[in-house]
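Input: a single structure, listed below in structure tokens.
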């Protein structure tokens, strides 16, 4: 239980950030996000630098004014996205050259450029630019990536200090090392001297499985300063979040609420609910009788089922709204349990979809095509 | 200037109804509609009887509870839709048999069935089931359609009186006759004795052109009772509405605000604005500086352009919301001009898209695929 201060307001921890990859949490207005209890939103450097471009966002007053979300915003560094390009990119000491997925032009993104873009667009929390190779690549590539992540952490720190002389923007470092404890420890030791404002655990929730993810968190989190936020990138399911909180993680982001909401899958206090199912055709009950969101206050399962059945966009809007609220309520439960000294008694509701860490590589990270 | 009372509240006239064909005004929650100034919403009998079915809507508490729109609702009779099927339907004295566009099954819709469906789903204003052939069909077909529309008006009246003994549901008759004044006059004379609660002008805004539409309204409207609402179905553009109001029309519906909103075309006090245009990329101004809608209060043209550029659904949501508000503000201007005895001085802003009545047959009527 804590509170983080940013240039555009505070947020409580443990915190879950809804993902607005391209400057919009899909299907939801900023008012809806606020009503759902969101306090901080994530946006994606890679996508925004391509469209509309950092210059356009700066010209339109920065991320907050641009998006209408007048609260804290975190931007990822773009590293995760450009590494997913595989053969379409060339990696070097100054970053990555890749072909834009928009128009095929060559684009460069590296530690200095990422700092510049995140500064120009006005993120409250910027992320260091790291080298995050796929979990299944050869050991020598993993070792090289870790070394580069550490060197780039220093590059990001210096560039950020030059840019942000008024220190309004926080900068988080990223700990890599896969599920190898020695590598994680080495990375932490090397980047702690840069004195970041917070520390993220990268390279997790990318297919390693729930157990190995949690073990890695359990090992790594205590190595990080207790007075700075710890952020598990790209996770996760309610259970992932709870287990990570128990091990000292403060911040989370995931596309699950909105991506599943658009696909008619609702998270509820009794598990998941697939609204395309005909059993809901004449069901007058709200999605979740314990929920206080607009969707649950006003609409029946039968109506929501109808909206998806006929392809009305109000269906994705309402179920995304509910799911975002579900995750915010889950964070409220977690914070209350911490206050009550009962976090280890809290039980996550069972969700009958495969856990994030058991799925294909990183389907749930922001900035993927399917956020 | 007037006010119409219904079982679910009142609405002011002249009134513009946003179109919620399948029980949802595309991309907008009921709260957004209310904030935009909507007082009455139109839904479509044909689409709703197929999905989710009248039984499901009744089981879920009727249209208002089903949709969450706790205000007046009008349903069209379904006639307009089934006649657009051409070869896929068989017309007889009891109505139309056609193949469902959902599953190919044979479905029947006629005057008695339409009354039953509209009653079961709980519309505040039901429309008589008419025979509305294409404007370009042979004269003998037009004559037969008019005779049938008149006979069916009586069938609808009797069936409605049986169903609605508490007289909570209003029933409007429909005047057909194309642009032939003699036919219009004949139709009015024949259906007036049924003492409908209001009268619609059907078969207009279907490709006859603005001038002929207005001339037909000018001839027909004065034949209708002055103390009952007159409704011009499926129109229109701000100019169409104004000219029709001057000739005594009280109610309108059209898909223009939402259909165009989804396609990045905004109606503004200075004309239309195509938000995909690159000129708006870094434009910090609101869509319409005179507008008080959420979209104009919070978002820039640059952000809206970005949303459409990257395919974010928030773009269609926000511009639909603005356009709905634009039409409601236009109705406020019209009502104020009536109060000020200045309606004949009011000038409609020029919109640089072809006028509704000059386009292809009936593209702007609710219930078409592209509402």
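Residue numbers (this note's numbering), protein chains in the order written: chain L, 1 to 371; chain F, 1001 to 1371.
Note that CB positions come from ideal geometry on N, CA and C, so glycine has one too.
| query | result |
| --- | --- |
| Nearest to residue 338(L) (by Cα), restricted to the options 14(L), 308(L), 267(L) | 14(L) |
| Cut-off 7 Å between Cβ atoms - residues of its own chain near residue 242(L), not counting five sequence neighbours on either side | 334, 346, 348 |
| Alpha-carbon to alpha-carbon, residue 168(L) and residue 1232(F) | 58 Å |
| Residue 1109(F) in three-state terms, based on DSSP | strand |
| Under 8 Å between C-beta atoms of residue 178(L) and residue 224(L) | no |
| Contact list for the segment 1084-1102 of chain F against chain L, Cβ threshold 7 Å | none |
| Distance, residue 331(L) Cα to residue 268(L) Cα | 14 Å |
| Assigned exposure category for residue 299(L) - 16 Cβ within 10 Å defines buried | buried |
| Environment of residue 378(L) [buried if 16+ CB atoms lie within 10 Å] | Any property of residue 378(L) remains undetermined from this structure, which presents chain L solely from 1 to 371. |
| Length-filtered (3 minimum) beta strand (DSSP E) runs lying within the segment 1246-1301 of chain F | 1251-1253, 1265-1268, 1271-1274 |
| For residue 62(L) and residue 55(L), the rounded distance between their alpha carbons | 9 Å |
| Rounded separation between residue 35(L) and residue 131(L) - CA only | 37 Å |
| Contact between the segment 153-166 of chain L and the segment 103-121 of chain L (3+ Cβ pairs under 8 Å) | yes |
| Among 1235(F), 1201(F), 1156(F), the one whose alpha carbon lies nearest that of residue 1220(F) | 1201(F) |
| Presumed contact (8 Å Cβ cut-off) between residue 28(L) and residue 324(L), rounded CB distance | 7 Å |
| Neighbour-count burial assignment, residue 230(L), 16 or more Cβ in a 10 Å radius | buried |
| Supposed contact pair residue 11(L) and residue 39(L) - C-beta distance, whole angstroms, cut 8 Å | 4 Å |
| For residue 1019(F), the first and last residue of its enclosing beta strand (DSSP E) | 1015-1019 |
| Residues near residue 1082(F) in its chain [Cβ-Cβ closer than 7 Å; skip 5 each side] | 1046, 1089, 1096, 1098, 1109 |
| Distance CB(residue 1218(F))-CB(residue 1247(F)) smaller than 8 Å | yes |
| CA-to-CA distance, residue 1274(F) to residue 1260(F), given in whole angstroms | 10 Å |
| Proximity of residue 1105(F) and residue 312(L) at Cβ, strictly below 8 Å | no |
| Cβ of residue 123(L) within 8 Å of any chain F Cβ | no |
| Close-in-space but distant-in-sequence residues of the same chain around residue 350(L) (CB under 6 Å, 5 per side omitted) | 271 |
| Cβ separation of residue 1135(F) and residue 1206(F), assumed to be a contact under 8 Å, to the nearest whole Å | 5 Å |
| Beta-carbon gap between residue 427(L) and residue 175(L) smaller than 8 Å | The requested residue 427(L) is not part of the displayed model; chain L covers only 1 to 371. |
| Proximity test, Cβ basis, 8 Å: residue 67(L) and chain F | yes |
| Contact with chain L by residue 1008(F), beta-carbon distance below 8 Å | no |
| CB contact check: residue 1054(F) to chain L, cutoff 8 Å | no |
| Minimum Cβ-Cβ distance from residue 1322(F) to chain L less than 8 Å | no |
| Proximity test, Cβ basis, 8 Å: residue 26(L) and chain F | yes |
| Boundaries of the alpha helix (DSSP H) in which residue 57(L) is found, first to last residue | 54-59 |
| Residue 82(L), enclosing alpha helix (DSSP H) - first and last residue | 79-83 |
| Residue 34(L), DSSP secondary structure in three states | helix |
| Range of the contiguous beta strand (DSSP E) that encloses residue 6(L) | 2-6 |
| Residue 174(L), DSSP secondary structure in three states | strand |
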